[in-house]
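Below is one structure, written out as structure tokens; comments come after it.
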Amino acid sequence: MDVRLELVKPDRFPRSAGYHVNWMIENSMGPNVLWLSEFLSEAMEFKPGMKVLDLGCGKALSSVFFAREFGVEIWATDLWIAAEENERRIQEAGLAGQIHAVGAEAHALPFEQDFFDAIVSLDAYHYFGTDDLYLGYITKFLKRGRQIGVVSPGLVREFEGDPPEHLQSGWYWDFASLHSPAWWRRHWDRVGKVNIEVADWLEDGWKHWALWNRVCSEQPGVDSPELAYAEEAAFVEADAGRNLGFVRVVATRREQDRWL
Ligand SMILES: C[S@@+](CC[C@H](N)C(=O)[O-])C[C@H]1O[C@@H](n2cnc3c(N)ncnc32)[C@H](O)[C@@H]1O
């Protein structure tokens with residue numbers, strides 16, 4: 020692969036720069052998940068040995084990142100990617116025993132209550148977590164006083180009605196699950212189970228998103244009907260940060276729930 024290395028190692032993400040670019044591209048399922056993981060890690064606290072759930076981990080790149088960077092133990096959990104496939108990738112990364120691959124649906128998780136010291140979810144939580152009741156379910160698995168953190172594609176602000184004109188020709192129905200930091204703050208706050216520390220926005224996130232999609236789209240055989248990198252890059256570039264980017268939400272499970 021002939022990748023323009025200077026492009027794929029932006030100064031903004033120094034930890035991610037330590038990982039092999041081909042590995043990132045081969046296992047990419049959308050936006051660069053190491054960059055999103057690094058952004059999330061800046062707002063969360065990790066200590067070696069902590070038990071961490073990586074929910075919707077895809078091909079477990081974020082799990083490898085958190086395990087390597089912070090020495091945590093990870094349950095890499097996903098629906099679409101088989102656990103056996105992730106086991107192989109985890110072994111190749113030399114992290115067998117530190118990362119456990121789990122195949123599970125986000126509403127039927129095979130864990131004990133109060134098991135995790137942290138929960139992370141990268142480019143996945145918006146597939147299931149916009150349900151009003153989901154936070155109440157997922158936080159059961161988190162110890163009280165510990166953090167849940169999410170980074171997903173999102174909107175600068177909610178639309179009043181339809182998406183703006185310049186986005187309409189490339190708009191898919193399921194983009195309805197993209198939301199703003201203010202929306203996420205309210206969505207989590209009203210459940211009364213967490214204290215929200217951060218609900219913010221990755222600065223220039225759209226540029227990183229478009230850049231990664233361009234890099235992937237230039238690799239032979241990487242663009243596909245499911246992962247239409249070039250199409251999505253054009254969509255994000257046309258918007259130029261007016262609406263699209265990445266939202267980050269981090270909260271701590273309350274010592275006592277606010278409501279019954
Ligand atoms: C766009 S991919 C991102 C994967 C990975 N986090 C990454 O960024 O490379 C979304 C992931 O969410 C997972 N996902 C979606 N719905 C899910 C559900 N109901 N339960 C568990 N995982 C789910 C899929 O299996 C998929 O791997």
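Each residue of the sequence shown is one higher than the one before, starting from 20 at the first, in the working numbering.
Glycine included, each C-beta is placed from N, C-alpha and C at the ideal position.
All values derive from a computational prediction rather than experimental measurement.
#1: Cβ of valine 139 versus every heavy atom of ligand 1: is any distance shorter than 7 Å?
#2: Which whole-angstrom value is the C-beta distance of leucine 80 and leucine 230, which I expect to be below 8 Å?
#3: Does ligand 1 have a heavy atom nearer than 7 Å to the CB of cysteine 235?
#4: I'd like to know whether the C-beta atoms of tryptophan 99 and leucine 72 end up nearer to each other than 8 Å.
#5: In three-state terms, what does DSSP make of serine 188?
#6: With the cut-off set at 8 Å, would you say valine 255 and tyrosine 248 are in Cβ contact?
#7: DSSP three-state call for methionine 20: helix, strand or coil?
#8: Take the Cβ of serine 82 as the centre, count every other Cβ of all protein chains shown within 10 Å, and call the residue buried at 16 or more, exposed below.
#9: Is it buried or exposed for tyrosine 144, if we count other Cβ within 10 angstroms and need 16 for buried?
#10: Work out the CA separation of proline 239 and valine 7 for me, nearest whole Å.
#11: So, using beta-carbon positions, are leucine 53 and threonine 96 closer together than 8 Å?
#12: Could you give the C-beta distance for histidine 198 and glycine 164, rounded to a whole number, given that I count them as a contact under 8 Å?
With the given structure in hand:
#1: no
#2: So it is not a contact: roughly 17 Å between Cβ atoms.
#3: no
#4: no
#5: coil
#6: no
#7: Because the pLDDT of methionine 20 is 44, which lies under 50, any placement of that residue in the model is unreliable, and the number read from its coordinates should be weighed accordingly. DSSP places methionine 20 in coil when its eight states are reduced to three.
#8: buried
#9: buried
#10: Only positions 20 to 279 of the chain appear in the structure, and residue 7 is not among them; the question remains open.
#11: no
#12: Their Cβ separation, rounded to whole angstroms, is 27 Å, which puts histidine 198 and glycine 164 out of contact at 8 Å.
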